[in-house]
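Asker: The structure follows.
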């Protein structure tokens, strides 16, 4: 289960942060999950295990970016792309590839003052139901809408989300 995430608000014209801060966000959100997945796939292939499962967590913001968290949105879009590519390459193998696409969930991801989003228990219950049903893409609420949207719908959602 690759469930990594740092979400920083960044105004590209006002940030004085060192590049290392942005690089860390990219490393945690994208590089580490990709690296770990590749290592496990090599191990599973060498051991001929049957039934391994890769679960990657992306985000609805990977489909409709939130402009104030540009690096987070970009890394989650990349996780979605990586997951799709992985699923295609592993088709016909015993490895199952699942993507969980959360909406805003009431957690501390957006900071300790983050007070909006779907209640965590409600969201977790839905994810477990979709896993049990064998879904390969698990989305909920806004993320379900975004992950199935057409280009014009994505543009409208972007305007709605970003004002």
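In my numbering, the protein residues as written are 56 to 218. Glycine is no exception: its CB is placed at the ideal position from the N, C-alpha and C atoms.
1. Roughly how far, in whole angstroms, is the beta-carbon of residue 63 from the beta-carbon of residue 126, given that I think they are within contact range, below 8 Å?
2. Taking the straight line between their C-alpha atoms, what separation do you get for residue 178 and residue 115?
3. Considering only residues of the same chain and omitting the five flanking positions on each side of residue 81, which have a CB-CB separation below 7 Å?
4. Would you say the stretch 173-189 touches the stretch 136-144, given that touching needs at least three Cβ pairs under 8 Å?
5. Could you tell me the alpha carbon to alpha carbon distance between residue 89 and residue 98, rounded to whole angstroms?
6. Which first and last residues belong to the alpha helix (DSSP H) in which residue 176 is found?
7. Starting from residue 80, trace the beta strand (DSSP E) in both directions and tell me its first and last residue.
8. At which residues does the beta strand (DSSP E) containing residue 126 begin and terminate?
9. With DSSP run on the structure shown, which of helix, strand or coil describes residue 86?
10. Report yes or no: is there a C-beta of chain D within less than 7 Å of the C-beta of residue 62?
11. Residue 209 to residue 215, Cα distance in whole Å?
12. From 213, 87, 150, 188, pick the residue whose C-alpha is nearest to that of residue 133; which is it?
13. Do you know offhand how far residue 195's Cα is from residue 188's?
14. What residues are listed by DSSP as bridge partners for residue 160?
15. Measuring only the C-alpha atoms, how far is residue 123 from residue 117?
Answerer: With the given structure in hand:
1. Residue numbering aside, residue 63 sits at position 8 when the chain shown is read from its first letter. Residue numbering aside, residue 126 sits at position 71 when the chain shown is read from its first letter. Rounded, the Cβ-Cβ distance is 7 Å, consistent with contact.
2. Residue 178 sits at position 123 when you count from the first residue of the chain shown. Residue 115 sits at position 60 when you count from the first residue of the chain shown. The straight-line gap from Cα to Cα measures roughly 13 Å.
3. Start at 1 with the first residue of the chain shown, and residue 81 comes out as number 26. Closer than 7 Å at the Cβ level, and outside the excluded window around residue 81, lie 126, 130.
4. no
5. By 1-based counting over the chain shown, the position of residue 89 is 34. By 1-based counting over the chain shown, the position of residue 98 is 43. One C-alpha to the other measures close to 14 Å.
6. Numbered from its first residue, the chain shown carries residue 176 at position 121. Note, residue 176: alpha helix (DSSP H), 175-187.
7. As a first step, residue 80 is located in the chain shown; it is residue number 25 there, counting from the start. Note, residue 80: premise wrong, no beta strand (DSSP E); alpha helix (DSSP H) at 74-81.
8. Taking the first residue of the chain shown as position 1, residue 126 is located at position 71. From DSSP, residue 126 is part of no beta strand (DSSP E) but of the alpha helix (DSSP H) over 125-144.
9. By one-based count along the chain shown, residue 86 stands at place 31. DSSP places residue 86 in helix when its eight states are reduced to three.
10. The structure shown contains no chain D, having only a single protein chain.
11. Counting from 1 along the chain shown, the entry for residue 209 is found at position 154. Counting from 1 along the chain shown, the entry for residue 215 is found at position 160. Rounded to whole angstroms, residue 209 to residue 215 spans 10 Å at the Cα level.
12. Indexing the chain shown from 1 puts residue 133 at position 78. Ranking the options by Cα distance to residue 133, first place goes to 87.
13. Counted from its first residue, the chain shown places residue 195 at position 140. Counted from its first residue, the chain shown places residue 188 at position 133. Cα to Cα, residue 195 sits roughly 14 Å from residue 188.
14. For this step, residue 160 is matched to residue 105 along the chain shown. Per DSSP, 173.
15. Counted from its first residue, the chain shown places residue 123 at position 68. Counted from its first residue, the chain shown places residue 117 at position 62. Cα to Cα, residue 123 sits roughly 13 Å from residue 117.
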